[in-house]
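Visitor: Attaching a single structure in structure tokens format; questions to follow.
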Ligand SMILES: [Cu+2]
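Have a look at this one:
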């Protein structure tokens, strides 16, 4: 009986320790989607991803109800040719950040369910390896002049 009551007394402490457990925390800033020309089916999204937690974060994929398909892409240049491939995992150490930017890593958003215009907010969900779902939004914006010519210009002719 005495052992039992000691056990119960310890329980709240264990729970408290559980809540304080180390975890990764993905923070998304400067999130924007390049304003597409009318009828475009492939859009690119850019942002800064930072891990503000004290454990590693693995971003596995992205989802958006505004598009039929969404994924993480990476642009690689091989023999002067710019190609894109899907990123199936993006790891961020505690404190680390990565910039998704033109000609680099980006969100690939395909087949918008309705027209997307500058100023719109698009809900995007990041799915993490530990099961976390990070809900955020991207703002549709016209690209800055210096970023107008990059690997994504060829998408628009598809
Ligand atoms: Cu892409």
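Residue numbers (our numbering): 184 to 341.
Beta carbons: idealized from backbone N, C-alpha and C, even for Gly.
Going by DSSP, what residue range makes up the beta strand (DSSP E) through residue 284?
Guide: Neither: residue 284 is in no beta strand (DSSP E) and is coded neither H nor E.
Visitor: Out of curiosity, what's the CA-to-CA distance linking residue 309 and residue 301?
Guide: Rounded to the nearest angstrom, the two C-alpha atoms are 22 Å apart.
Visitor: Straight-line CA distance for residue 285 to residue 256?
Guide: C-alpha separation (whole angstroms): 11 Å.
Visitor: Pick helix, strand or coil for residue 270, following the three-state DSSP scheme.
Guide: In this structure, residue 270 counts as coil in the three-state DSSP scheme.
Visitor: Assuming residue 296 and residue 223 make a contact with CB atoms under 8 Å, what is their CB distance in whole Å?
Guide: Rounded, the Cβ-Cβ distance is 13 Å, inconsistent with contact.
Visitor: With a threshold of 6 Å on Cβ separation, who are the neighbours of residue 318 within its own chain once the five nearest residues in sequence on each side are excluded?
Guide: Contacts found: 308.
Visitor: Sorted by chain position, which residues of the same chain lie with C-beta nearer than 6 Å to residue 281's C-beta, five sequence neighbours on each side aside?
Guide: Closer than 6 Å at the Cβ level, and outside the excluded window around residue 281, lie 232.
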